[in-house]
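Notes follow the structure.
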Amino acid sequence: MAKQFKPETLCVQAGWTPKKGEPRVLPIYQSTTFKYDTSEQMARLFDLEDSGYFYTRLQNPTNDAVAAKIAALEGGVAAMLTSSGQAANFYAIFNICQAGDHFVCSSAIYGGTFNLFGVTMKKLGIDVTFVNPDASEEEISAAFKPNTKALFGETISNPSLEVLDIEKFARIAHSHGVPLIVDNTFPTPINCRPFEWGADIVVHSTTKYMDGHATSVGGCIVDSGNFDWDAHAEKFPGLCTPDESYHGLTYTKAFGKGAYITKATAQLMRDLGSIQSPQNSFLLNLGLETLHLRMPQHCRNAQKVAEYLSKNEKVAWVNYCGLPDNKYYSLAQKYMPNGSCGVISFGLKGGRDVSIKFMDSLEFIAIVTHVADARSCVLHPASHTHRQLTDEQLMEAGVRPDLIRLSVGIENADDIIADIEQALNA
Ligand SMILES: Cc1ncc(COP(=O)(O)O)c(C=O)c1O
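When we follow full-length UniProt numbering, the leftmost residue of the sequence shown carries the number 1, and every step to the right adds one.
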């Protein structure tokens with residue numbers, strides 16, 4: 001679908017354009033495999049000489065339609081769905097880093113990503129240096145080494161809600177000849193399009209607002225097509241030199257701007273296989289069809305709730321970048337003028353124990369691990385998602401031990417506030 005359409009139209013229409021007599025709604029291609037007439041036809045697919053489907057671990061039409069919609073929303077050239085956001089983050093790095101390589105990463109990121117990068121990928125021989133995203137360009141640059149292959153950050157970090165200065169990060173990455181990879185899960189492309197600010201690759205946990213209904217775990221990697229891999233060929237041999245597992249094909253030569261996603265699909269997905277099931281991507285697509293309606297409602301409600309909390313005497317502190325006194329207010333206004341996301345964090349006077357009592361007293365706002373759902377929900381990261389981190393690591397990731405993460409849903413704001421109020425009074 002042509003790129004000139006506005007996001008609202010892309011949410012509804014992009015990805016699936018039925019021809020005469022085909023289903024109006026994106027079908028679920030619930031098939032592991034696809035039929036060909038001759039052996040030669042299939043052989044050409046295996047050599048990447050023709051494009052087409054042969055096995056769902058590599059590509060599936062339902063998944064491809066949804067990936068194309070997300071690519072269009074982000075303004076990218078190509079995208080690949082994955083089984084989860086974790087898989088998307090792993091593949092995004094592993095596509096350009098191998099044992100002996102290094103990357104630099106903002107310390108303000110989701111706890112699962114922190115663990116993936118800081119522990120599991122280290123076991124594979126890929127080293128990471130975490131940096132304070134608010135540090136100066138010189139300080140962040142000092143973390144780069146000759147074997148550094150990428151810079152990574154989250155547009156709005158989960159759960160510390162720090163806003164990434166994308167332009168600053170892009171400048172730093174490009175001055176070292178590496179791409180900037182941005183996890184854009186929280187704002188979604190409805191509120192922020194990191195490619196417009198210089199990011200090269202965008203990743204998503206589609207599990208969150210994109211699905212929006214808490215039905216399907218999934219992820220996505222989108223390539224802007226803007227990073228010139230060949231200009232830094234010595235850093236990216238996987239993309240710029242022949243792949244022996246594909247008969248000596250060189251991805252940048254054969255696929256141009258599609259090189260990064262083609263390699264991720266043809267090589268990583270082939271070998272590691274973390275695909276999104278077509279059933280899940282069908283549900284994800286239904287979520288995407290209303291993303292442009294849900295995001296503004298999440299943001300309006302979160303703004304009202306944040307304002308309410310910031311005036312309540314039982315509340316010790318509130319962190320929401322839509323509040324004018326927030327440290328990240330001006331960055332949020334720059335990168336997300338129409339609203340950021342529906343997630344707020346706050347602490348109560350009395351600390352950790354009072355926070356837990358408050359959460360236990362909520363009525364319809366549910367305690368769940370999830371975030372960015374149509375239904376309001378709440379979590380205490382220090383006891384739940386981030387419990388594997390030490391207190392020092394918690395503070396480094398911007399997570400205070402008393403922090404309550406409130407994911408404001410799309411219900412009526414007055415009802416959400418009333419539930420919070422009765423729990424505060426309890
Ligand atoms: C910003 C961010 N990135 C990645 C992930 C991981 O995604 P998933 O749970 O889909 O694996 C999460 C999960 O909460 C997240 O919040």
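All C-beta atoms in this analysis are idealised placements derived from N, C-alpha and C, irrespective of residue type, glycine included.
Beta-carbon spacing of residue i, residue j below 8 angstroms
i           : j           : result
residue 230 : residue 220 : no
residue 84  : residue 154 : no
residue 249 : residue 48  : yes
residue 194 : residue 166 : yes
residue 121 : residue 128 : yes
residue 384 : residue 355 : no
residue 80  : residue 269 : yes
residue 342 : residue 302 : yes
residue 373 : residue 212 : yes
residue 340 : residue 283 : no
residue 435 : residue 133 : As shown, the chain starts at 1 and ends at 426. That puts residue 435 outside it, with no answer to give.
residue 281 : residue 63  : yes
residue 143 : residue 104 : yes
Residue of the options minimising C-alpha distance to residue i
i           : options            : result
residue 396 : 141, 253, 109      : 109
residue 92  : 413, 41, 259, 330  : 259
residue 346 : 337, 360, 87, 308  : 308
residue 263 : 276, 242, 280, 114 : 242
residue 403 : 359, 421, 374, 366 : 359
residue 191 : 296, 426, 327      : 296
residue 349 : 96, 292, 310       : 310
residue 300 : 276, 417, 189      : 417
residue 169 : 145, 5, 158, 139   : 139
residue 36  : 89, 28, 27, 50     : 50
residue 261 : 73, 52, 20, 77     : 77
residue 57  : 32, 64, 69         : 32
residue 419 : 73, 377, 116       : 377
residue 119 : 421, 96, 389       : 389
residue 330 : 178, 162, 288      : 162
residue 294 : 5, 11, 4           : 11
residue 406 : 425, 392, 368, 235 : 368
residue 287 : 117, 46, 207, 100  : 207
residue 394 : 38, 412, 112, 145  : 112
residue 335 : 421, 198, 67, 285  : 198
Within-8 angstroms CB hit, residue i to chain D
i           : result
residue 370 : As a matter of chain content, chain D is missing from the structure shown, which is built from one protein chain.
Residue burial classification, residue i (beta-carbon count within 10 angstroms, cutoff 16)
i           : result
residue 409 : buried
residue 256 : exposed
residue 152 : buried
residue 400 : buried
residue 271 : exposed
residue 74  : buried
residue 364 : exposed
Identity of the residues DSSP links to residue i by a beta bridge
i           : result
residue 55  : 33
residue 105 : 130, 152
residue 201 : 181, 223
residue 239 : Partner(s): none; residue 239 has no beta bridge.
residue 79  : 222
residue 346 : 318, 404
Let me know the beta strand (DSSP E) ranges lying completely inside the stretch 311–342, each 3 residues or longer, listed in chain order.
-> 315–319
Any chance you could list the beta strand (DSSP E) runs of at least 3 consecutive residues sitting entirely within the stretch 243–321, in chain order?
-> Whole beta strand (DSSP E) segments, 3+ residues: 315–319.
Can you list the alpha helix (DSSP H) stretches of 4 or more residues lying completely in the stretch 352–404, in chain order?
-> 391–396
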